[in-house]
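**Student:** Here my numbering = 1-based position in the sequence shown + 7.
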Amino acid sequence: MNHLRLLSSFVLLAGALGCHAQKLSPADARRVEVLIRNKFNVPAYYDVTIGERRKSEMPGFDTVTVTFTNLEAEQNAAATKNFDFLLSQDGKTFAQLNRYDIPQDPGAGISDGNRPSRGGPASAPVHIVIYDDLQCPFCARMHAQLFPAILERYGDKVHIVYKDFPLGQHPWAVHAAVDANCLAEQSAPGYWSLVDNVHAHYADVPPLKPSADKDAKPADAVKPATDLLDKWTRDEAVKEKVNLEKLNACIAKQDDSAVTASIKEGDSLGVDATPQLFINGERLAGALPLKYVYKMIDGALLAAGVTPPPAPADPPAAQKPAGN
C-alpha cells in the first residue's frame with residue numbers, strides 16, 4: 008500500500024488543537040484525521056483511528072499512535088498498521104520523525120560468507136558484496152562493466168565477492184548458482200571463470216521447452232538449459248584439474264540450501280532486485296554507469312584514510328578536418 012509509505016514525512020498542523028490532555032476531543036481527533044487523509048491520500052476504505060497522548064522522548068511533544076485499518080483486506084491479510092506521531096503539547100504541531108541508530112561500521116552486518124573473492128585480501132579497505140543472478144541481463148551488464156575495469160583501477164584496495172540472489176522469474180538461475188558453488192568448493196578461479204562465462208553467454212542458454220505431455224515434470228522444460236550449464240561447469244572443472252567425481256556428485260545432488268540462505272540474507276538487507284552492490288555497507292542498486300561505482304568506492308577509500316587513484320583521463324576530442 009504505497010499511500011502509507013509517505014508517513015515517514017514530516018507533517019505540520021498549524022492551528023490550535025486545544026489544551027494538553029490524555030485523550031483528544033472528538034473534534035481535535037477529527038482534525039488530525041482529516042489532515043492525515045489529505046496529506047497522504049489515504050483511501051476511504053481505510054479506517055483511521057487517533058489514539059491517546061503518551062509521554063515521548065521529544066521535549067515539548069507527546070506521542071500519539073494512529074491506527075490504519077484496511078476495511079477491504081482479504082481474510083488473514085495484515086489489515087492493521089500502527090504509526091507513531093508526535094503532537095506538540097501546545098496543540099499546534101503534528102509531526103512524525105523516524106529515528107535511526109547510526110552503526111559504528113555500516114558494513115558490519117554484511118559478511119563475505121567465505122565466498123570466492125576477487126581483488127585484494129579480506130583486509131582490503133573496501134569490501135564490495137554483490138547480490139547476483141546468473142540469468143539476469145542487468146547483472147550481466149554490470150559484470151561486464153566491473154571486470155576487468157574495477158580491478159585495473161583499484162587493484163588490491165578492493166575485495167569483491169558475489170552472493171546468490173536468483174529471482175523467481177528466472178527458471179535456471181538457481182541451478183546455475185548451485186553449479187557455480189559446486190565448483191567453488193574446489194576452485195575459486197574456476198568459480199570466477201564460470202561466472203564470467205555464464206554472464207557473457209547467458210543468452211545462449213536454451214529457452215524453456217514446454218511439453219504437451221500432461222505428465223511432464225517442470226524440470227523437463229528447463230533440462231536443455233541445465234544440461235548446458237552442467238557442461239560449462241565441467242569444462243571449467245577440467246581446466247582447473249579438480250576432482251570430477253566429487254564435482255559430478257555435487258551437480259547431481261543440486262543442494263540449494265546455501266542459495267536459499269543467501270536469498271534469505273539478501274531479503275533481510277532489503278534486496279529485492281538484482282544486481283545490488285554493497286560497498287562497505289552502502290547500497291547501489293541496478294546496472295548503473297561505472298562512474299557511480301567509482302564514486303562510491305572513492306568515498307569508501309577516503310573514509311578509510313586511503314587516497315583513491317586518479318580519475319581516468321577523458322578520451323581526446325576528435326579533431327575537425329582542416330578546411331580548404
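All C-beta atoms, glycine included, are put in the ideal place defined by N, C-alpha and C.
Bear in mind the structure is a predicted one, so any value in this text is a computation, not a measurement.
Taking Cβ positions, are Val49 and Gly58 nearer each other than 9 Å?
**Tutor:** no
**Student:** Would the C-beta of Gln103 count as close to the ligand MN, meaning under 8 Å from any of its heavy atoms?
**Tutor:** In the structure shown, the ligand MN is absent, as is every other ligand, since no ligand is present at all.
**Student:** Could you tell me the alpha carbon to alpha carbon distance between Val148 and Arg106, rounded to whole angstroms?
**Tutor:** Reading off the sequence, residue 148 comes out as Arg, not Val. Cα to Cα, the separation comes out at about 37 Å.
**Student:** Roughly how far, in whole angstroms, is the beta-carbon of Phe90 from the beta-carbon of Phe101, given that I think they are within contact range, below 8 Å?
**Tutor:** In fact, because the Cβ distance is near 12 Å, the residues do not count as touching under 8 Å.
**Student:** What is the rounded straight-line gap between the Cα of Ala244 and the Cα of Ile157?
**Tutor:** 26 Å
**Student:** Going by other Cβ atoms of all chains shown within 10 Å of its Cβ, with 16 needed for buried, is Gly273 buried or exposed?
**Tutor:** buried
**Student:** Does the segment 167-179 touch the segment 129-141, meaning 3 or more C-beta pairs lie closer than 8 Å?
**Tutor:** yes
**Student:** Have a look at Val41 and Gly120 and give me their C-alpha separation to the nearest angstrom.
**Tutor:** 50 Å
**Student:** With 16 as the cutoff for other CB atoms within 10 Å, does Pro123 come out buried or exposed?
**Tutor:** buried
**Student:** What is the DSSP secondary structure of Ala280, reduced to helix, strand or coil?
**Tutor:** coil
**Student:** Could you work out which residue in Lys46, Phe47, Tyr52 and Thr56 is closest to Asp35 when comparing CA atoms only?
**Tutor:** Asp35 has its Cα closest to that of Thr56, out of Lys46, Phe47, Tyr52 and Thr56.
**Student:** Grab the span of the alpha helix (DSSP H) containing Leu174 for me, first residue to last.
**Tutor:** Per DSSP, Leu174 belongs to no alpha helix (DSSP H) and is neither H nor E.
**Student:** Here's a check: name, in chain order, each residue in its chain whose Cβ is nearer than 8 Å to the Cβ of Pro231, leaving out the five neighbours to either side.
**Tutor:** Pro213 and Lys216
**Student:** If you run the structure through DSSP and keep just helix, strand and coil, what is Arg122?
**Tutor:** coil
**Student:** Compare the beta carbon distance of Ala180 and Gln152 with 9 Å and say whether it is the shorter of the two.
**Tutor:** no
**Student:** Could you compute how far the alpha carbon of Glu81 sits from the alpha carbon of Lys246?
**Tutor:** 56 Å
**Student:** If you count every other CB in all the chains shown that lies within 10 Å of the CB of Arg61, and 16 or more means buried, which is it?
**Tutor:** Exposure of Arg61 is indicated by the presence of fewer than 16 other C-beta atoms within 10 angstroms of its C-beta.
**Student:** Kindly indicate which three-state DSSP category Ala28 falls into: helix, strand or coil?
**Tutor:** Here Ala28 scores only 46 on pLDDT, less than 50, and its place in the model should not be relied on; the value that follows carries that caveat. Residue state, collapsed to three classes: coil.
**Student:** To the nearest angstrom, report how far apart Ala28 and Thr76 are at their CA atoms.
**Tutor:** Bear in mind that the predicted position of Ala28 carries a pLDDT of just 46, short of 50, making it too unreliable to give a figure here.
**Student:** Following the continuous alpha helix (DSSP H) through Gly197, name the residue where it begins and the one where it ends.
**Tutor:** Ala195 to His208
**Student:** Apart from the five residues on each side of it in sequence, which residues of its chain come closer than 8 Å, Cβ to Cβ, to Gly197?
**Tutor:** Leu190, Ala191, Glu243, Ala244, Lys246, Glu247 and Val249
**Student:** Asp274 lies in the beta strand (DSSP E); which residues open and close that run?
**Tutor:** If you look at Asp274, you'll find it isn't in any beta strand (DSSP E); it sits in the alpha helix (DSSP H) that goes Ser264 to Ser275.
**Student:** How is Ala311 classed by DSSP in three states: helix, strand or coil?
**Tutor:** coil
**Student:** Out of curiosity, what's the CA-to-CA distance linking Asp97 and Val73?
**Tutor:** 19 Å
**Student:** For Leu174, collect the residues of the same chain with a Cβ closer than 6 Å to its Cβ; drop the 5 residues on either side in sequence, then sort them by chain order.
**Tutor:** Only Asp140 meet the Cβ criterion.
**Student:** Since I believe Thr233 is in contact with His182 (beta carbons under 8 Å), could you give me their beta-carbon distance rounded to a whole number of angstroms?
**Tutor:** Right, their Cβ atoms sit about 5 Å apart.
**Student:** Put Ala294 into one of helix, strand or coil per three-state DSSP.
**Tutor:** Three-state result, Ala294: coil.
**Student:** Here's the rule I'm using: 16 or more other beta-carbon atoms within 10 Å means buried, otherwise exposed. How should Asn287 be labelled?
**Tutor:** buried
**Student:** When you compare each of Lys302, Asp203 and Pro33 to Lys319 by their alpha carbons, which one comes out closest?
**Tutor:** Reading the sequence as shown, one finds Pro at residue 319 and not Lys. Ranking the options by Cα distance to Pro319, first place goes to Lys302.
**Student:** Name the two residues that bound the continuous alpha helix (DSSP H) containing Lys99.
**Tutor:** Counting along the chain, Lys99 falls outside any alpha helix (DSSP H), and DSSP gives it neither H nor E.
**Student:** Pick out whichever of Val313, Gly312, Ala310 and Phe285 has its Cα sitting closest to the Cα of Val300.
**Tutor:** Phe285
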